[in-house]
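Data first, discussion second: the structure below is written as structure tokens.
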């Protein structure tokens, strides 16, 4: 809450929003604006802000949000230039906006925001909150209505700005019960319920008696903190409050606070159908005068509604309890409040003159008796009366000067006695009578000493008060203006108090004041009195550390140019003085300390302030200059068993925007500064929380260039490694005029892909670095050699590789923590744990200059019964700027999801063209045999290259399955040419092979126009050399129907088709394949 609700306080509500908008701003509402004043949230927030700010400036303690008639239905029925209403989400945003506007009305001052939630009938058109005619609505329906509306605010960030929830103008008992059910689980917000009594009787519009209403309001658990009446004729309010009180007492229910804001329309009545006021309100006394009469009789918190900005606003009323009536009866009221001059004249004009003789006689008699009693009880009664009834409201406290022993202060304020604060009626009456007779009291010079019981009764300070003369009659205001000499007390006690204050440990504090006062009234001397007063402050009464803002922070070197002595920091510290004090603080000197590894405080810097002008309730600005010279080694060296120094945590927290703690004590003060100030500061060492300065853009970029990737060697290494030039661009703040050099860097970096961790890049070894200025930024460069990349997520790694091979490249983000070894005016030291972020884009392997690998120079290097091992040179183009070392990589060769062999390679890949020697083993299998047959026959074949676990040792399976066209190793035809000899019935063939082999058998048939021409069956092996070969003459058996065709082609050629089963042997490897050829040219010879 903005401030505590106190039982002796009257709080003022704001004014009538709707009528103010109509009367002062010409805003008209109609059936087209079913939101009523909430309509301004949609179309004119400026006017709404102005009105609520005016309410706050006029003295309102509570601002009600402009949501009284706001509902989902109301927004849906509000048309903005079309037939379409405001959507559910938009309406919710407008409703939440009302809370923000209400909070802003206080312009940073203390104040309460009450969430205004009108009755269900207020959301109907026409509104029915004065009649309670809700149709078929049930209590459960009302629970859902109010709960749904309240949930809009609970789900928003503005819920924290809501101090109170106000359920207003409830006309029905079931709606009161519904509201109680809604608020039952919401424990963190206080709420009130106010009802409307528009009829001539004292019942709700639905006929509910007050005794039933009060039971519904206050019975059970989680009752409201206040109940009351609104939108009801003011002349009915006093009687209704008495009925509320009687109903609560008769049922044994605890009385809560009272909320009262009746309408100010006098005899006028609001017609909800025509939306006009009907009648003339001039017959009634002014609203504020009637309201003040009611409030003066109230003994609990009252929440009032202003009718205008000039309305009186009494702030202090009697203490209440659960048995205190909501409204005092007339006999007590008279004793609590003396009539004013105006009220006395008004009462004379209204009373009949024949009663005056009787009244005067009774008054004289009572006065005579009271004087006798007063004479007997004067000392104790007056002392108790003064203790409870004394009120001093300081308006201005200022320091006139600093003295050798303390300060001379000027105190200005208002002093008066308030009889309503005295609990005991006899003491109150006798005290009022005695002070009325005495009228004035004068004190001689007095001394006051203040002790702290919670700190072993140490002396906080003492003061000498000059003679003071005051009028002590009840509610007589005295303006006090005097000078007093204040001296500080026990230094150790003040130090302990200050430390607990800075550590936020003071939740409550007790103070004991002992005063030696000599008093006289007129010619009667009452002698010297020793008065002891115990005061306890808790909650909002305990002062808190003001929020301060450090502005214009600048760093610069000081000393001779080129030979600086150290670093100078200059800043302006601003904080709000919430108190009516006025003084100047002289220039002061301080020492700033840091604990070393052994927790010994070492001097880190010296600081000084200029004269600080403290003005009442204004912002205070202190200009501070700090000097840091050569740093002690014990602050910059790593502590035993740790990697960080005492200075590291301070710098790391500061750069990360976290609060840091330094220790401050007084330094060597100026000779003109009183000794007691220097001694007090010198003997006090206090922790000081320094707000962090988040340097979000301290490191603008972190990048890698000239990158080289090294995959691990099998059996010796476990992680890939990266070598690169690390570039760190440091954004030097404009307010830092310091020469800075960096000679070493190191870092721990996390590499992310699309927000998911790919791995950790270990750059923890110190690397040499150099720094150059680029404009106002500092570019730090360092060459990193073979930094391990520890893969943390195999699935992310797989996606990265696939995007490199088949996508548009990958954008990797790097989050690093950087240590830099710096050379500054303070010496050489390490700044650790500087957060840095950067982006690295890796171009796709398939983009730009990528070309399909070219295979050449194939040869067979090894054979066995089960496999054939081949070696070839592969031309690969690397289109990226990155290089890579691949000690070993093994992949499977797959045909139709069946492995037919495997391949492996070792290579150094550089940007641009590369020649890589690769080997492949082809295994004997039926799938492999079929593929070889198609391959030799010249079919368009493909092979799938597929990675597997440990394809690259130490690197997760990248999940690669790349299907590539098979190169034509046999040219366009394995069988290049055929010559058929008719007379010898033989044939020779020209075969083209990329390597040497043996054909062990042939079973072939030749066809012309689907007619068999001849067949060959040969079971004797013959050799085929690498390149072009002519086979031996192989016997042909001619087809009986083909001789004529062959004879006709003698000397020419025939286009033949051929099918063959061929046995092939290479070394120890044997395979049987088939061959098919179409349109083969056959030379026909005799």
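Residue numbers (the UniProt record's numbering): 1 to 1086. Virtual Cβ for every residue (Gly too), placed ideally from N, Cα, C.
Segment limits, beta strand (DSSP E) that includes residue i
i, result
"residue 892", "883-895"
"residue 929", "Here residue 929 belongs to no beta strand (DSSP E); instead the alpha helix (DSSP H) covers 926-936."
"residue 1078", "1069-1085"
"residue 856", "854-863"
Beta-carbon spacing of residue i, residue j below 9 Å
i, j, result
"residue 974", "residue 1031", "no"
"residue 708", "residue 722", "yes"
"residue 891", "residue 923", "no"
"residue 512", "residue 530", "no"
"residue 158", "residue 237", "no"
"residue 134", "residue 120", "yes"
"residue 16", "residue 61", "no"
"residue 840", "residue 704", "yes"
"residue 768", "residue 743", "yes"
"residue 546", "residue 575", "yes"
"residue 261", "residue 21", "no"
"residue 960", "residue 920", "no"
"residue 163", "residue 184", "no"
Boundaries of the alpha helix (DSSP H) in which residue i is found, first to last residue
i, result
"residue 680", "675-682"
"residue 148", "139-154"
"residue 995", "Residue 995 -> no alpha helix (DSSP H), and no H or E assigned at all."
"residue 217", "210-218"
"residue 1089", "Nothing can be reported for residue 1089, as the shown portion of the chain is limited to 1 through 1086."
"residue 436", "425-438"
"residue 65", "Premise fails: residue 65 is in no alpha helix (DSSP H) and is neither H nor E."
Top-ranked residue by Cα proximity to residue i, from the options
i, options, result
"residue 1062", "1027, 1001 and 553", "1001"
"residue 659", "180, 549 and 861", "549"
"residue 925", "784, 1005, 946 and 1071", "1071"
"residue 823", "1060, 190, 739 and 940", "739"
"residue 1026", "1049, 1051, 994 and 1006", "994"
"residue 510", "221, 499, 500 and 536", "536"
"residue 784", "593, 724, 776 and 186", "724"
"residue 603", "637, 89 and 663", "663"
Where residue i falls: helix, strand or coil (DSSP)
i, result
"residue 1050", "coil"
"residue 392", "strand"
"residue 559", "strand"
"residue 109", "coil"
"residue 74", "helix"
"residue 776", "coil"
"residue 58", "coil"
"residue 473", "coil"
"residue 243", "helix"
"residue 573", "strand"
"residue 665", "strand"
"residue 960", "coil"
"residue 188", "coil"
"residue 499", "helix"
"residue 421", "helix"
"residue 237", "helix"
"residue 16", "coil"
"residue 880", "coil"
| At a cut of 8 Å, does the region 435-448 reach the region 457-467 through at least three beta carbon pairs? | Taking one beta carbon from each stretch, the region 435-448 and the region 457-467 have 3 or more pairs nearer than 8 Å; the two touch.
| message | Does the contact criterion of 3 or more C-beta pairs under 8 Å hold for the region 947-957 versus the region 922-939? | response | Here the region 947-957 makes no contact with the region 922-939; the two share fewer than three CB pairs at distances below 8 Å.
| task | For the region 212-225 and the region 172-191, state whether three or more C-beta atom pairs, one from each stretch, are separated by less than 8 Å. | result | Yes, the region 212-225 touches the region 172-191.
| task | Count the CB pairs spanning the region 811-825 and the region 744-755 that are closer than 8 Å, and state whether there are at least three. | result | Touching, per the Cβ criterion.
| task | Decide yes or no for the touch test of the region 254-265 against the region 218-235: beta carbon pairs closer than 8 Å, at least 3 of them. | result | Yes: the two stretches touch, three or more of their Cβ pairs being nearer than 8 Å.
| said: Does the contact criterion of 3 or more C-beta pairs under 8 Å hold for the region 482-499 versus the region 452-464? | reply: Judged by Cβ distances under 8 Å, the region 482-499 makes contact with the region 452-464, as three or more pairs qualify.
| field | Meets three-Cβ-pair contact criterion under 8 Å: the region 492-501 and the region 418-438 | value | Contact between the region 492-501 and the region 418-438 is absent, because fewer than three Cβ pairs lie under 8 Å.
| field | Three-pair Cβ contact test at 8 Å for the region 621-633 versus the region 562-575 | value | In short, these stretches touch, since the Cβ pair count reaches three.
| Just checking, does the region 1004-1023 make contact with the region 1039-1058 on the three C-beta pairs under 8 Å criterion? | Judged by Cβ distances under 8 Å, the region 1004-1023 makes contact with the region 1039-1058, as three or more pairs qualify.
| query | So does the region 860-869 actually touch the region 1068-1085, counting three or more Cβ pairs closer than 8 Å? | reply | At 8 Å Cβ cutoff, the stretches touch.
| query | Is the region 194-213 touching the region 138-152, taking contact as three or more C-beta pairs under 8 Å? | reply | Counting Cβ pairs under 8 Å, fewer than three are found: no touch.
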